[in-house]
Amino acid sequence: MGLRNIYERYKFRRTMKRFAPILEITSGAIVLNTTSVNIQSPQKRKYIYIEEEAIVGCNFIFESGQGTIRIGKRSYIGAGTNLLAHSDIIIGDDVTLAWGIWVYTHDSHSLDWCERIKDLEDVRVDYRSGRNLIASKDWSGVNTAPIRICDKAWIGMNAIILKGVTIGEGAVVGAGSVVTHDVPAWSVVAGNPARVVKMLNH
Numbered sequence: 113m114g115l116r117n118i119y120e121r122y123k124f125r126r127t128m129k130r131f132a133p134i135l136e137i138t139s140g141a142i143v144l145n146t147t148s149v150n151i152q153s154p155q156k157r158k159y160i161y162i163e164e165e166a167i168v169g170c171n172f173i174f175e176s177g178q179g180t181i182r183i184g185k186r187s188y189i190g191a192g193t194n195l196l197a198h199s200d201i202i203i204g205d206d207v208t209l210a211w212g213i214w215v216y217t218h219d220s221h222s223l224d225w226c227e228r229i230k231d232l233e234d235v236r237v238d239y240r241s242g243r244n245l246i247a248s249k250d251w252s253g254v255n256t257a258p259i260r261i262c263d264k265a266w267i268g269m270n271a272i273i274l275k276g277v278t279i280g281e282g283a284v285v286g287a288g289s290v291v292t293h294d295v296p297a298w299s300v301v302a303g304n305p306a307r308v309v310k311m312l313n314h
């Protein structure tokens, strides 16, 4: 075994040890060194479930400490992709997510201007107190809904998947698309907002 392989295995073991309290991983899954986990107000529980033969290199973000992310068998999630869970994110089997994708289960802020002003006041207080900028955030007025990406789907680079969306089985989301509504199975969608441009044979 070469020195590079020994080093890579060492880095992998360190990565897994760091994530062990919050991650459940099935044998054969691969967590790349580009993977990061950010949990605001962590609790003693599992946040991430990765099934066998999946390859993961993304950023897992739990801004509110809520939600769970599940990644199915043989799925691939590229580096620079961001999964932000306030509600659950469920990714099926044999799914491909490219680089730079945002999967976002909440609106971040209320539609009520008065609530957004309060958010900004809290950010200033948290910053000046040396805390995370959303440590005091009130999530009660923020809309949130789970996201599901079904088996065999492919999401192109820099796409944005917004709250409450289901991407159907075998669907393809074009690069740079903004998905605001459910995507039919075996369809190709593209644009902002994403619309069906083609149906696929399967």
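Under this note's numbering, the letters of the sequence shown match residues 113 to 314, in that order.
Glycine included, each C-beta is placed from N, C-alpha and C at the ideal position.
On a predicted model such as this, the values are computed, not experimentally measured, just so you know.
Checklist entry - Mapping DSSP to helix, strand and coil, what is T225? => result According to the sequence shown, residue 225 is Trp rather than Thr. W225 falls in the helix class under three-state DSSP.
Next on the checklist: Tell me the residue span of the beta strand (DSSP E) that contains W298.
Outcome noted: Per DSSP, W298 belongs to no beta strand (DSSP E) and is neither H nor E.
Item to check | alpha helix (DSSP H) runs contained entirely in the region 183-265, provided each spans 4 or more residues | outcome: 225-240
Next on the checklist: Cutting at 6 Å between CB atoms, please list the residues of its own chain near W298, excluding the five before and the five after it.
Outcome noted: G282, L312 and H314
Next on the checklist: Whole angstroms are fine: how far does the CA of T146 sit from the CA of E175?
Outcome noted: 19 Å
Checklist entry - For R307, which three-state DSSP category applies? => result strand
Item to check | Where K264 falls, given that 16 or more other Cβ within 10 Å makes a residue buried | outcome: buried
Checklist entry - When you compare only the Cα positions, how much space is there between D238 and S248? => result 7 Å
Checklist entry - If you run the structure through DSSP and keep just helix, strand and coil, what is V291? => result strand
Next on the checklist: Can you look up N270 in the DSSP assignment and give me helix, strand or coil?
Outcome noted: coil
Checklist entry - Between the region 293-307 and the region 220-238, do three or more beta carbon pairs fall short of 8 Å? => result no
Checklist entry - Does the region 153-160 touch the region 198-211, meaning 3 or more C-beta pairs lie closer than 8 Å? => result no
Checklist entry - Between which two residues does the beta strand (DSSP E) containing I137 stretch? => result L135 to I137
Checklist entry - Exposed or buried, what is S139 when buried is set at 16 or more other beta-carbons lying within 10 Å of its beta-carbon? => result exposed
Item to check | Selected residue, minimal CA-CA separation from N244, among G212, G177, V277 and D224 | outcome: G177
Checklist entry - Could you give the distance in angstroms between the alpha-carbon of L274 and the alpha-carbon of R240? => result 31 Å
Item to check | Host beta strand (DSSP E) of V149 (start-end) | outcome: S148 to I151
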